[in-house]
Structure formats: C-alpha cells, structure tokens
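Novice: Here it is: the structure, laid out below.
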Amino acid sequence: MNTTANKIAKHKYRGWRNMDNSGLNNLFTSIFESADIAKCIINSDGIIVDANRLFCKMLGYTHKELLGLHYFILIPSDSREKSKEFHNKILSDEQILKFEEKLRRRNGTHFYAFTTNIKVSDEEGNLFRVVSIEDISDRMKNELLQSVLLSISKEATFSNSPDTMYALIHESISQIIPITNIDVFLLDDGKELVKKYSNYKLNNEWLTVYFANYSLDKKESLLLDKKELKNILIENNHLFKSDKLPESFLGIPLKTKTDIEGIITLQSFDRKYKYSENDKALLELISDQVARVIERKNNELALKKAKEEAEEASKLKSQFLAQISHEVRTPLNSILSFTSLIESELKGKLSNDLKDSFEIINNGGERLRRTIELLLNASQLQNGKYKIHIEEVDLVKYVLLPIVKQFSLQAKEKGLKLEFDNKLGNSNVVCDVYTTGQIFINIIDNAIKYTKHGKIIVKAFKNNFGKVQVDVTDTGIGISEDYLPNIFETFSQEETGYTRRYEGMGLGLALVKEYAALNNIEVSVESKKGKGTKFSIVFN
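Structural data, given as structure tokens:
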C-alpha cells in the first residue's frame, strides 16, 4: 500500500470525521455505522477515505487496510478504465448515478455489484464520492447462467462439429466458474470412458480418469478437496500413481432422464480458489443442458446413420429389381414370341387340351410381363430416374376410353359389366399421359380382379370444387377398415402367404401413389368389407 496516500487518507478521514458541524458528524455516523448496506467514501483521486463495517466485510479487508487504498485496485484490470471514466463522470455531474461493475475481494475472487453514487463536498470544497454497494452476484449469475444454457442449446442446433460444441461448453462454463483444467468424457456402448475434450494443463490423466470413474460409480456429483482425494487413493492403494493432487476436484455426471451419457470434471491446483457447493450446483444445472445436447446430437447421428443405411438398402433393392427384371424379361419375350408362332403354325390342328395349354401359357406370360413392368417402374421411381412429360391432354379421349376398352373383354370373361359414365364436357387436363394411364390401369385391373359378381363403373365428372374427378367403383370384396391405411404401401396385400386367394405382388397401388404425386393428382379410397370399393382420382 502507498504509505503517503495512506497518511493523506487518514488525515482526510480524521478531518472528515471531526468537522465542526455536529449534525453532519451524526449523519456520517448513521450512514457508516448503522446502514444495512455496504458504503465507502472516495476522494477525487480515487482514494478510499472511509468505509463502513459491511463494506469491509464484503471486500474482505479490515477498516485500517482500506484507508488509503486506491478504489480502482478493487476493480479487475479488464474493467478498470471504464470504472475510472465513471468516477470522473460522477464528480462532474449533479445527479445520483447508478452503475454495475465487477469488484475483486481481498482473496482474489470477483463479484458483481450495483453501486449508487452521490457527489458531496466538504466545507473546503473538496469533492468526494459516496458509494453504496449491493452484491448482485446471484442475479448476474442467474442471468449469465440462462445465457450460457441458451448458447449451449443454440450451438447444439447449428454446430456440425462436436469439437466446436465442447469448446463452447468450456467457454460457457468459464464465464461462471473459474476453470484451469476441464475434461469432458462420454460413455461408449461398453460403458467405457472416452475423452472428447480436454484443456488439461498438467500431465495427470490417470488421476482424472480414475476420479471420473469414481464419480460415475457413485452416480452422483462429487466435490472433493485435496485431503479427501488423498484418502480415497490411499484406501484403494493408488497414491503411488499420483505425482500431484489438485486442491479441489469437481465431477458432474451428464445425466438424461433415462441414462448417464458421460461426465464433466474440473480440477483446481490454485490454493486461492477451491470449488464450492455453489459451483457444484451451478455446474449441475449446466450439465443437465449439456447432457440433453449430447443426447440430441447422438440421436441425430443415429438417425442420420439409419437414414443413410436405409437409402443404401433402397438403392441396392432398386438395382436388384432392375437387374432381375431385365434378366427375366428377355427370355420371357422369347418364350412368348415362339409360343405365339407355334400356336399360329398349328392353328386349326389343336385339340381342346392343347388350346387350353396355350391359353395358360399366354395368361401366365402376360402376368409375368406385367409383374416385370411393375418392378421396373418401381425401381425407376425409387432411384429418382423416372422422367415424365407434362402436357395438356383430353383425358377421356386419350386415357379413359382406350383403357376401358382394353379391360372390357377381361371383365366380360369374368361375367362382369365395365361401364363408363362420362359427365364431362371439356375433359382436358394437364398430366403425363403414360403415368396417368397407369393409375387407371392399376385401379381398374384391381377392381376386376377383386370383383366376383356385379359391375365396375368408371365415372368422369366435375366435382363441387370445379375439378376433374374420376371415380372407379366396384361391387367386389372390399377392404377391411384395419388394412385401409396400408393400402398404398409397397408390397402390401391384405391377404398374404401361399393361401392367399388373389395373385399379385402388392406393387400396383404403391405405384399409383407415386404416379399420382408426379402428376399432382389426389387419390383417395372408400371401402367396406364385402360391399365394394370406390377410388376417387382428382386432378388439381
């Protein structure tokens, strides 16, 4: 402490206390000795000339030590210039000024203070600053804590790098708790610790891992001083492995609702600062957020991996479908062509049994050809390689009439009626002709397949919203309420296995859904088991 400044301060202090005005003397006695808030008096040079009991207690000094001490020594170096500017402003202003600043205690720790400042002068005109100080550390820490938690949450949302996220966690915690040594460990699938981040200044990794595991075994946060650390090592015959023990150790498990993700450890080798229960409570709050962030990141990575695996599986499946379809289609075309040629050569010479045999071959071949076509289309759609040509087309003339005519013979052979009811004047729509046709082909084909008696009606009209709509209604077996939500799923059939009554792979309606999406068409279905089904196709 500057001796000259100290003597001057004490002289001014005595003069300040012994002024003739007894009323003023009583006022200062009231202010400094009876006030329930910390107060001090600073002269124009920034020297403390008086301080009350609460101020001494708050800063950790004796009254004697404070007299003559420069006030700005109590201000951390990074805030000192700003504090000096504020001091000069107070002495040049007539108003009461309020200010928030960080103060440093005698033991080197910091706290946040809210100061109320009044300018006064003595009978000689000397200016003084009367400072009232309120410790707002708890409020500031809460605000800072909320800011830290928000920063960690944002980093988890926007950061693609785990290293960046852990560095931010370190930086965030440092704003609240002094940190020289921090480690972040996560547990792998085998529940072994894996170090993810460290700024450890001393080469004592074994000790860090040992007490991290010790804390996890306890499944609770641990705050241990040097003596406690030493006793634990002695009890477990490990003291010989440790070169230097920290003054305090803080281990906080990263807990989620269902599990423990890992642990954050802090170690202080500074005798002036040992971690406290308050530090532990703060770090527990932060660790909860960190644990949620890590859990979310792990889930995102798992989801990304699953998505990539699913996409790869889908790609392989599509490649397989395309390859197998090609391998089957080529010989099938040869078989059907030569069968047709033989049938033509033997025309008029075939017995009824042989005619039936050729019909079976043709029907089976066409069924297989259609299956291959469905597989190829499904493969192209899944690979995103399917190209469409959107144009304005007369729906009735170029799509519906040819398809109804195509299926009329098939319906007649089953004893069914296939009726077309056209209520459209202008039937122009914008679509891809081929894929739109495939929508109706698959739906009408299914209607005939699943209808034993009655009829199928294809009705084209303008709905209440002025949109072109086509309803395909049958009197078939219908669809159960339970299965209805799955009707457009790939390879989905209500009846499965070798005992199913109807042929098919369950690809047709899945393709209908894909074709509809390509053409901005809405497809919906209404059905009742045993009563029939109605598909509605709406052009947007």
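Residue numbers are given in numbering that gives the first Met the number 0: position 148 of the sequence shown equals residue 147, and the series is strictly consecutive.
All C-beta atoms, glycine included, are put in the ideal place defined by N, C-alpha and C.
Express the C-alpha separation of residue 164 and residue 183 in angstroms, rounding to a whole number.
Specialist: Residue numbering aside, residue 183 sits at position 184 when the sequence shown is read from its first letter. Residue numbering aside, residue 164 sits at position 165 when the sequence shown is read from its first letter. Whole-angstrom Cα-Cα distance: 11 Å.
Novice: The alpha helix (DSSP H) with residue 52 in it runs from where to where?
Specialist: As a position in the sequence shown, residue 52 is number 53, starting the count at 1. Unbroken alpha helix (DSSP H) run through residue 52: 52-58.
Novice: Using three-state DSSP, classify residue 71 as helix, strand or coil.
Specialist: Your numbering for residue 71 matches position 72 in the sequence shown. Helix, per DSSP.
Novice: Mapping DSSP to helix, strand and coil, what is residue 7?
Specialist: Locating residue 7 in the sequence shown gives position 8, counting from the first residue. Per-residue confidence for residue 7 stands at a pLDDT of 43, beneath the threshold of 50, marking its modelled position as unreliable; the derived number appears in the next sentence. Residue state, collapsed to three classes: helix.
Novice: What does a CB cutoff of less than 8 Å around residue 402 pick up in its chain, not counting 5 residues either side in sequence?
Specialist: Sequence index remark: in the sequence shown, residue 402 carries index 403 (1-based). Only 436, 439, 440 and 443 meet the Cβ criterion.
Novice: Return the chain-ordered list of same chain residues with a C-beta closer than 8 Å to the C-beta of residue 59, the five sequence neighbours on each side being excluded.
Specialist: For the purposes of this step, residue 59 is taken as the residue at position 60 of the sequence shown. The residues are 104, 105 and 106.
Novice: Determine the burial state of residue 473: buried for a count of at least 16 other Cβ atoms within 10 Å of its Cβ, exposed for fewer.
Specialist: Against the sequence shown, residue 473 aligns to sequence position 474. Result: buried.
Novice: For a test of the three-state rule: what should DSSP assign to residue 526, helix, strand or coil?
Specialist: Residue 526 sits at position 527 when you count from the first residue of the sequence shown. Three-state result, residue 526: strand.
Novice: Just checking my contact of residue 253 with residue 293 at CB under 8 Å: how many whole Å lie between their CB atoms?
Specialist: Here residue 253 is taken as the residue at index 254 of the sequence shown, counted from 1. Here residue 293 is taken as the residue at index 294 of the sequence shown, counted from 1. Between residue 293 and residue 253 the Cβ distance is about 6 Å, and since that is below 8 Å, they are a contact.
Novice: Assuming contact is defined by CB atoms lying nearer than 8 Å, are residue 90 and residue 118 in contact in what I supplied?
Specialist: Walking along the sequence shown from the start, residue 90 turns up at place 91. Walking along the sequence shown from the start, residue 118 turns up at place 119. The answer is yes: Cβ separation under 8 Å.
Novice: Quick check: the Cα distance between residue 249 and residue 300, rounded to an integer number of angstroms?
Specialist: Here the question's residue 249 lines up with position 250 in the sequence shown. Here the question's residue 300 lines up with position 301 in the sequence shown. Approximately 30 Å between the Cα atoms of the pair.
Novice: If we call anything under 8 Å between Cβ atoms a contact, is residue 74 one with residue 102?
Specialist: Mapped onto the sequence shown, residue 74 falls at position 75. Mapped onto the sequence shown, residue 102 falls at position 103. Yes.
Novice: Taking the alpha helix (DSSP H) that residue 230 falls in, what are its first and last residues?
Specialist: Along the sequence shown, read from residue 1 onward, the residue named residue 230 stands at position 231. From DSSP, the alpha helix (DSSP H) with residue 230 extends over 225-234.
Novice: Output the residue ranges of the alpha helix (DSSP H) runs that lie fully inside the region 392-471 and measure 4 residues or longer, sorted by chain position.
Specialist: Counting only runs of 4 or more, we get 400-412 and 432-448.
Novice: Tell me, please, whether the region 275-291 touches the region 303-315 by the rule of three or more beta-carbon pairs shorter than 8 Å.
Specialist: Contact between the region 275-291 and the region 303-315 is absent, because fewer than three Cβ pairs lie under 8 Å.
Novice: Cα separation between residue 126 and residue 42?
Specialist: Along the sequence shown, one-based indexing puts residue 126 at 127. Along the sequence shown, one-based indexing puts residue 42 at 43. The alpha-carbon atoms of residue 126 and residue 42 are separated by roughly 6 Å.
Novice: Quick check: the Cα distance between residue 365 and residue 531, rounded to an integer number of angstroms?
Specialist: The residue labelled residue 365 in the question sits at position 366 within the sequence shown. The residue labelled residue 531 in the question sits at position 532 within the sequence shown. Answer to the nearest angstrom: the Cα atoms are 27 Å apart.
Novice: Is it buried or exposed, residue 498, if we count other Cβ atoms within 10 angstroms and call 16 or more buried?
Specialist: Numbered from 1 along the sequence shown, position 499 holds the residue referred to as residue 498. Legend: pLDDT at residue 498 = 36, less than 50; position of this residue unreliable, value from coordinates given subsequently. Exposed, by the Cβ-count rule.
Novice: Compute the distance between the beta-carbons of residue 272 and residue 265, then report whether it is under 8 Å.
Specialist: Taking the first residue of the sequence shown as 1, we reach residue 272 at position 273. Taking the first residue of the sequence shown as 1, we reach residue 265 at position 266. For residue 272 and residue 265, no; Cβs fall outside 8 Å.
Novice: How would you label residue 76, buried or exposed, when you count the other beta carbons within 10 angstroms and need 16 or more for buried?
Specialist: Numbered from its first residue, the sequence shown carries residue 76 at position 77. So residue 76 counts as exposed.
Novice: What residue ranges within the region 77-140 form continuous beta strand (DSSP E) runs of no fewer than 3 residues, ordered along the chain?
Specialist: Counting only runs of 3 or more, we get 96-103, 109-120 and 126-134.
Novice: Mind checking residue 305: buried by the 16 CB within 10 Å criterion, or exposed?
Specialist: Here residue 305 corresponds to residue number 306 of the sequence shown, with the count starting at 1. By the neighbour-count rule (16 or more Cβ atoms within 10 Å), residue 305 is not buried but exposed.
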